[in-house]
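So the sequences go chain by chain: A and B. If you use our numbering, the first sequence corresponds to residues 1 to 182, in order. If you use our numbering, the second sequence corresponds to residues 1001 to 1607, in order. Below is one structure, written out as structure tokens; the observations come after it.
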Amino acid sequence: MTCSCHQAPDGRRGFLAQAAAWILGLFAYGVPLLAGLAAFLNPWRQRGEAAFSVRVTTLAALPVGGPPQRFPIIAERTDAWTRFPAEAVGAVFLRRVGEKDLAVLSSICPHAGCGVSYDARTNGFFCPCHSAHFDIQGKRTDAKSISPRDMDMLGYNLRNGSEVWVRFEKFQTGTPWKVAKS
Amino acid sequence: MNSVLEWIDQRTGIPSAACDWLRRPVAGGPAWRLVWPSTLVFTLLTQAVTGTVLWMYYSPSPQTAWESVYYLQRHVQGGWWLRAIHHYSAQVALVLVGIYLVQMIVRGTYRAPREFLYWAVLLMGLVTLGLNLTGDLLPWDQNSYWATHVRTGFLDLLPGIGGTLWKLAAGGTEFGQLTLTRFLTLHVGVLTPVLLILVLVHAWVARRHGLEDAAADRPGESYWPGQAVRDMAACALVLGAVLLLATCCGLDLGAPANPAEDPGTARPEWSFRGLFQFRELFPSSLEILPIFVLSGLTVLVFFLMPLWGRRPGGRWFNAAFTVVVLGGLALLSWQSYRRDAQDGQYQQKRIAGRELAQRVQELAEAGGGIPPAGALVLVADDPKTQGPRLFEQFCASCHGAGSGEQGAEAASSLAGGQETTAPNLAGFASREWLAGILDPQQVAGPKYFGNTKFKKGPMVQFVQEDAPSVDKAELESLRYAISAEADLPAQRTDDGVAPAARKIAAGRARLAARKAPCTDCHTFHGKGTAQGPDLTGYGSRQWLVEFIGNPAHKRFYGKLNDRMAVYAGSPTDPGSRILSNREIGLLADWLRGDWHDQPGHPAPGND
């Protein structure tokens, strides 16, 4: 071993010099590092956009007892510093089960966040990413389903008699329970 | 020359150090099995050079990332080749790391004192995988966006810290601008320097201990030129493989990433296919096992291999473990590819994705560029793309649009094989479509009024009872005149020349003079009786937009309207609107076959 760094400092002056070198060095390199780290960790404390209600369609577009229909969620959104005018930010499936009774399902697969599509042949939903099958109510059809939970139901209300407003919300994927993403 | 080198050498020592390095002894003498480190350095330098130029063209934002790659691909000379070389060279590098690692394990050269040699290569493999994953997102096309979405989504599986890690990876609470800048920085600013450092560590340790033990009877021969010529030959072969892949296979750019529309075809790169399939062997509650625990433990075993490599049986265990892992991954990958190949729906979606990618690029070319808001706007405003989607959702439950020229894209899939309950709109207002409605055999059939309340209405009565007695030539001229109102792109040229132009003129004259049976119930440019829909501009864009907006308007069906919704809603109740004016316009354009690259469509910039 040729390195002698670890040898005991030679007397008090040697010790002080070593200690000072360590402290000054850590300070000099540490401060810029911490500044970078702080900005790097910025997303940590950010909270996602909370659930919001949005008008999706009217009852006229939904025949009673008809198959589920996919509607885009049109909303304004901000991506970092860019504010976007209203555009599609997601999609939901609406099914009119009764005169004033709707079933609203998020189109985001609870497994890994892919887009679920409706399959008329099986009268159910299907996620093509990892082959998760759901029935028309969004329940898993397979006992060994890859999805940890059924499709996510969303809240809705009817305004002015015929407008369908959906409470749009995103949830964490891959968990057995619905946990709001924030 | 020599004196200059001498001068530099006296002051820096660099030339003689380089000379020493080239003349270093190669333990055991030059051999082909020692070429792998040089090929790795070669691929790394290839990546650095091609990557730097790619970087000059790349613009990391959701509105410009795909667009800049599109520009590189289509408008920069050799751009597609540069990108393909970068991509395939990365894949080849991964294969080379794999070969080198397997060789180390099989020959036992990872054992003391060369543990760090082995660890450096193992880490190079992991960093190369990381470069693959981060680089995959940058084109911001549908596959890269959705596949990365899934990958980062797996972080949620980690209890407690998953959500935070997700946000750190995405750079915020949603995928977007900051995800791109973060991934780009990781790719070029973090992982690439780390790879470089690993190469240096490897070179350092290799200089100290050699790549292998020297055979006792063969002292080291100089690297230069015996080993150098082998290394360069191997690099040339690697280059050949990369160029062959890049030139023959090329590299596609998918459709631009659309956060609102999962194409359902996202798949990982080949290097992660095995893991992708492996995960499906586990139920969802145990998903953390394949994704993090088992794959993490496997990597750990690879790391620890040198520690027991000198024990009896240790080397055999290591070799067997490697064979099982690589063989298993190969088998799983094959299963996954085979399943996709046999999945008709998946293949259809892939084709649809490629067509959309093609379409967006056509639109960008035709428009002379991409709007500032990005290429997604081109898709959103394209009747050919949006028409079938809107029609399927809002119209197809009653109307068919199959087997016609204009709606041929939609074909029978939209009608879902069910009998439609309202007229089939394929080729609406064309001469052929009007010939059908004027045909006594067809007018009360399912393609026209057969399943509506007009089945026994005045139009059906006229066609079945009176029309046969009308002069054939007269009926034809009326049909041509009304169809000309639509100004359909497909008929536009023909409308202007004889004999069609003559028929149209004759028909118009009859209608204007109220000498035609049509005006008994319809109006035509202000003349006639307003009982059925107005024939002024029949089938034109404006007519269709107004009709879809409000079929119950007195200009159209009025109170006779049969079930059709008022898509523009009531003016007094904005909440009752079903389709926006833009959407209605897209539907009208699609029904009329009026989109870019359709015959008769005006050149871009004129509409």
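Ideal Cβ placement from N, Cα and C applies to all residues, glycine included. Computed from a prediction, not measured in an experiment: that's the story for all the values here.
Contact with chain A is found for B:Ala1260, since one of that chain's Cβ atoms lies less than 7 Å from the residue's Cβ.
Scanning chain A for C-beta atoms nearer than 7 Å to the C-beta of B:Ala1341 yields nothing, as the closest lies near 15 Å away.
The closest CA to that of B:Leu1253, considering only B:Gly1387, B:Ala1065, B:Asp1141, is found on B:Asp1141. If you draw a straight line from the Cα of B:Trp1119 to the Cα of B:Ile1291, it comes to about 22 Å.
Within the same chain, no Cβ atom closer than 6 Å to the Cβ of B:Cys1248 is found once the five residues on either side in sequence are excluded.
Taken in chain order, the members of the segment 1166-1190 of chain B whose beta-carbon sits within less than 8 Å of a beta-carbon on chain A are Lys1167, Leu1168, Ala1170, Gly1171, Gly1172, Thr1173, Glu1174, Gly1176, Gln1177, Leu1178. In terms of CA proximity to B:Lys1167, A:Arg45 leads the group A:Gly25, A:Leu16, A:Arg45, A:Pro32. Residues of the segment 88-100 of chain A with a C-beta less than 8 Å from any C-beta of chain B: Ala88, Val89, Gly90, Ala91, listed in chain order. With contact defined as three or more Cβ pairs closer than 8 Å, the segment 162-169 of chain A and the segment 48-64 of chain A are in contact. B:Met1305 and B:Gln1358 have their alpha carbons spaced roughly 49 Å apart.
Closer than 7 Å to the CB of B:Val1150 there is at least one CB belonging to chain A. In chain order, Pro128 make up the part of chain A whose C-beta sits under 8 Å from the C-beta of B:Lys1349.
For A:Asn157, the uninterrupted beta strand (DSSP E) segment begins and ends at 155-159. Restricted to the segment 1308-1394 of chain B, the alpha helix (DSSP H) segments that are unbroken, complete and at least 4 residues in length are 1314-1342, 1344-1366, 1375-1380, 1383-1394, listed in chain order.
Counting of Cβ neighbours within 10 angstroms places B:Pro1062 among the buried residues, the total reaching 16 or more.
Separation of B:Thr1179 and B:Thr1148 (C-alpha to C-alpha, rounded to the nearest whole angstrom) is 10 Å. At the C-beta level, B:Tyr1100 and B:Trp1036 come within 7 Å of one another. For B:Phe1154, the neighbours in chain A by C-beta distance under 9 Å run, in chain order, Ala112, Thr173, Gly174. Assigned with DSSP and collapsed to three states, A:Ile108 falls in strand.
Taking the beta carbon of A:Ile146 as reference, the chain B residues within 7 Å of it are Glu1280, Ser1284, listed in sequence order.
The alpha-carbon separation between B:Ser1576 and B:Arg1083 amounts to approximately 50 Å. In the DSSP secondary-structure assignment, A:Phe71 is bridged to A:Val92.
Distances from the CA of B:Gly1328 to each of B:Gly1171, B:Phe1556, B:Phe1276, B:Val1463 were compared; the closest alpha carbon is that of B:Phe1276. B:Val1460 sits close to B:Ala1444, with the two beta carbons spaced by under 7 Å.
Counting only Cβ-Cβ distances below 7 Å, B:Gly1163 has contacts in chain A at Gln172, in chain order. When DSSP states are grouped into helix, strand and coil, B:Trp1595 belongs to the coil group. Beta-bridge analysis with DSSP links A:Thr57 to A:Val164.
In the assembly as shown, A:Met151 is a buried residue. Its beta-carbon has 16 or more other beta-carbons within 10 Å. Of the residues B:Lys1456, B:Leu1390, B:Leu1591, B:Thr1523, the one whose Cα lies closest to the Cα of B:Ile1578 is B:Leu1390.
In this structure, B:Gly1078 is the residue among B:Leu1096, B:His1202, B:Gly1078 with its C-alpha nearest to the C-alpha of B:Gly1250. Closest by C-alpha distance to B:Pro1533, out of B:Lys1527, B:Ser1477, B:Tyr1557, B:Pro1383, is B:Tyr1557. Residue nearest to B:Ala1093 within the set B:Ala1241, B:Leu1289, B:Val1106 is B:Ala1241 (criterion: CA-CA distance). By the Cβ-count criterion, B:Asp1156 is buried, with 16 or more other Cβ atoms from all chains shown falling within 10 Å of its own Cβ.
Residues of the segment 1050-1078 of chain B that bring their beta carbon within less than 9 Å of a beta carbon in chain A comprise Ser1061, Pro1062, Gln1063, in sequence order. The DSSP-derived three-state label of A:Gly98 is strand. Here DSSP, grouped into helix, strand and coil, assigns B:Val1026 to strand.
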